[in-house]
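One line per chain: the protein sequences are H and P, in this order.
So in this note's numbering, spot 121 of the first sequence is number 121, and the numbers just go up one at a time.
One rule links them: number in this note's numbering = place in the second sequence (from 1) + 1000.
We put the CB at the ideal spot given by N, CA and C, even for glycine.
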Amino acid sequence: MDRPAPLKGFDGTLEDVVRLCQAGEVDLREIALAEVIRATAESLEGTDLEALTAFLQQAAWLVEQKSLQLVGRPAEEEPREEEEGAGPDVTSELPEYLVFREATSALAALEAWQSRIFTRPPLGSDPSELPLGGVRLEDLALAFRRLLERERTGVRELPPEGVTVAERIAFVLEVLSAHPEGVEFEALFSEDDPKVVLIVTFLALLELIRRRQVRAEQRRPFGPIRLFRLDPEASP
Amino acid sequence: MTAEQEQHTLLAALECLLFASGGPVPVERLAQAIERSVEETHTLVAMLEASYAGRGLMVQYVAGGYQLCTRPEYAEFVGRLVEIQTEPLSRATLETLAIVAYRQPVTRAEIEAIRGARSDVHLHRLLERGLVREVGRKPTPGHPILYGTTELFLRRFGLRDLSDLPPLDGAQTDGTAAYDLLRREP
């Protein structure tokens, strides 16, 4: 929250009030909290949801703290609090949240600084990118559609019940591990497999690409798509 | 070969290694490639870095390795040539990332308790961008997934390692004061 909340002799944000209150530098009983909150709320009109969420959390925390100071804690609540005086409860959730807001700002600054630094693309692919060499996801989908549409002849068994993506993941990894030189996309799908197995195998393959455990490559446009097992150590 | 010539060769070789690798290279691997000790390699990289003073390139120590990269002052020029593909993270996603970074290994429920808001979408985005990964399961009922940050996270935020994260004491009055920018100026 960047907009100042008008308060006599104070030109900070609601977040600052929370911080000062935490530090014991401000007595909430002497602040017209409703005024501050109303002014802040007005200044927030039309801003984004994140700022509003932060505002609600801070306002709720302040109101709770002030009511506790005015009325006192209910008797059944931990009597040891009284030995420490009726200061603000620094163990509440909000301050920790505020600490992370600071950390978030710091990370944003780091990200902004580092984004101005360029390196050559490292050998191998950027780990944030999917391991697709010359293939787009659309190409994979197209190849799979062709496979589904291919002429299917002969007698087939009924689909086994409950084939799972996890099972097909294990299957794909096993096949690819046995062939370090790579396997053609079509080779993963047996003509005898029931349709549901083909579909679940394709889902398994997509999942493995997303997990960066399998790399798909197409050396030339419309050429065969080859699949490779990626070294699990290579991905972070 | 005189000692001076030899040093010149090693510095040139290190420059080649860093250029060819692109990303950060652990000092052990550099040492292996130039057949020198790790200590000597650190010294040689420092000399190489000093030789870049006043140039467009610099050597940065990030994610546990050295990398050859452009100086941030010239980002505008590079940006006109190279398309910058990574869009910055949203504030809420960054906040989720901050909690993972400082509290790792951490579960989604723990993140949500701190943020006071659902965070599954943000966690998902961080997983997709390779900044966060699953690091195990918590031995509590339900065995929730534990999350931690990746090497790419260190690289994207220019951190040497996790101990290089800005201190988390909540005493700052503004976010940018949380870390010492000057330390990073060339």
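Selection of the segment 1016-1029 of chain P by Cβ proximity to chain H, strictly under 8 Å: 1019, 1020, 1021, 1022 and 1023
Residues near residue 63 of chain H in its chain [Cβ-Cβ closer than 7 Å; skip 5 each side]: Here the question's residue 63 of chain H lines up with position 63 in the first sequence. So the list reads 33, once near-sequence residues are dropped.
Contact list for residue 1091 of chain P against chain H, beta-carbon separation under 8 Å: The count along the second sequence starts at 1 and reaches residue 1091 of chain P at position 91. Chain H residues near residue 1091 of chain P: 50, 104 and 108.
Residues of its chain near residue 1038 of chain P, where Cβ-Cβ distance is below 7 Å and the 5 sequence neighbours each way are ignored: To locate residue 1038 of chain P, count along the second sequence from 1; it is residue 38. Taken in chain order, the residues that qualify are 1027, 1028 and 1031.
Exposed unless 16 or more other CB atoms sit within 10 angstroms - verdict on residue 181 of chain H: The residue given as residue 181 of chain H occupies position 181 in the first sequence. Result: exposed.
Contacts of residue 1168 of chain P in chain H (Cβ-Cβ under 7 Å): As a working mapping, residue 1168 of chain P is identified with position 168 in the second sequence. By Cβ distance, chain H contributes 99 and 103.
Assigned secondary structure, residue 163 of chain H (DSSP; H/G/I helix, E/B strand, else coil): Here residue 163 of chain H refers to the residue found at position 163 when the first sequence is read from its first residue. Reduced to three states, the DSSP call for residue 163 of chain H is coil.
Separation of residue 183 of chain H from residue 192 of chain H, as counted between CA atoms: In the first sequence, the residue the question calls residue 192 of chain H occupies position 192. In the first sequence, the residue the question calls residue 183 of chain H occupies position 183. Taking the straight line from one Cα to the other gives about 18 Å.
Three-pair Cβ contact test at 8 Å for the segment 1096-1105 of chain P versus the segment 1149-1159 of chain P: yes
Three-way DSSP call (helix, strand, coil) for residue 18 of chain H in this model: The residue given as residue 18 of chain H occupies position 18 in the first sequence. Residue state, collapsed to three classes: helix.
Limits of the unbroken alpha helix (DSSP H) element including residue 1148 of chain P: Reading the second sequence from its first residue, position 148 is the one you call residue 1148 of chain P. From DSSP, residue 1148 of chain P is part of no alpha helix (DSSP H) but of the beta strand (DSSP E) over 1145-1149.
Element boundaries [alpha helix (DSSP H), containing residue 1020 of chain P]: By one-based count along the second sequence, residue 1020 of chain P stands at place 20. Taken as a continuous stretch (DSSP letters only), the alpha helix (DSSP H) holding residue 1020 of chain P covers 1003-1021.
The ligand GDP heavy atom lying under 8 Å from the CB of residue 13 of chain H: In terms of ligand content, the structure shown is empty, and the ligand GDP therefore cannot be addressed.
Residues near residue 143 of chain H by beta carbon distance below 8 Å, same chain, minus five either side: The count along the first sequence starts at 1 and reaches residue 143 of chain H at position 143. Excluding residues within five positions, the ones whose Cβ falls inside 8 Å are 185, 186 and 225.
Residue burial classification, residue 1119 of chain P (beta-carbon count within 10 angstroms, cutoff 16): For the purposes of this step, residue 1119 of chain P is identified with residue 119 of the second sequence, where counting begins at 1. Classification of residue 1119 of chain P: buried, given that the 10 Å Cβ count is 16 or more.
Within chain P, partners of residue 119 of chain H - CB distance below 8 Å: Your numbering for residue 119 of chain H matches position 119 in the first sequence. By Cβ distance, chain P contributes 1022, 1023, 1067, 1068, 1069 and 1070.
Helix, strand or coil at residue 135 of chain H [DSSP, three-state]: Locating residue 135 of chain H in the first sequence gives position 135, counting from the first residue. The answer is coil: DSSP assigns residue 135 of chain H none of H, G, I, E or B.
Chain P contact for residue 216 of chain H (CB, 9 Å cutoff): Indexing the first sequence from 1 puts residue 216 of chain H at position 216. Not an interface residue.
Amino acids of chain P, ordered along the chain, whose beta-carbon sits closer than 9 Å to that of residue 47 of chain H: Position 47 of the first sequence, counted from the start, is the residue given in the question as residue 47 of chain H. Under the 9 Å cutoff, chain P gives no residues; its nearest Cβ is about 12 Å from residue 47 of chain H.
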